[in-house]
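Worksheet: the structure to be examined is printed underneath.
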Amino acid sequence: MAGGNSHHVVSNPKGGWGVKREGSGRALKVFDNQQEAVDFARHVTARQGGEVVIHSRDGRIRDKETYPPDPHPPKDRSQHRK
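In our numbering, the protein residues as written are 16 to 97.
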């Protein structure tokens with residue numbers, strides 16, 4: 016799910032971790048650690064519906080969570096690989 020209800024947890028250039036609404040250049044809020052930022056993003060997104068996108072310090076996407084949870088998530092294909 017993309018769009019205005021997606022929130023990204025990203026490393027802040029001035030230190031800490033920020034939560035940004037998708038498409039915004041500014042953080043809604045900045046936290047000292049990533050877990051606090053993830054918790055805030057989950058809270059905001061759970062109320063509005065959308066997606067939390069968690070980035071690692073280098074900017075790569077580490078995880079995504081959909082709210083409300085997807086009732087039909089994609090199957091984990093790694094279990095079927097040999």
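Glycine is no exception: its CB is placed at the ideal position from the N, C-alpha and C atoms.
Kindly indicate which three-state DSSP category residue i falls into: helix, strand or coil?
i: Asp78; result: strand
i: Ser26; result: strand
i: Asn20; result: coil
i: Glu51; result: helix
i: Arg57; result: helix
i: Arg36; result: strand
Applying the criterion that 16 or more other CB atoms from any shown protein chain within 10 Å of the CB defines a buried residue, is residue i buried or exposed?
i: Arg41; result: exposed
i: His124; result: Any property of residue 124 remains undetermined from this structure, which presents the chain solely from 16 to 97.
i: Lys90; result: exposed
Taking the alpha-carbon of residue i as reference, which of the options has the nearest alpha-carbon?
i: His58; options: Lys29, Tyr82 and Pro28; result: Tyr82
i: Val25; options: Asp54, Ser71, Leu43 and Glu37; result: Ser71
i: Glu37; options: Asp73, Glu80, His22 and Pro84; result: His22
Does the separation of the CB atoms of residue i and residue j fall below 9 Å?
i: Gln63; j: Asn20; result: yes
i: Gly33; j: Ala52; result: yes
i: Phe46; j: Gly31; result: yes
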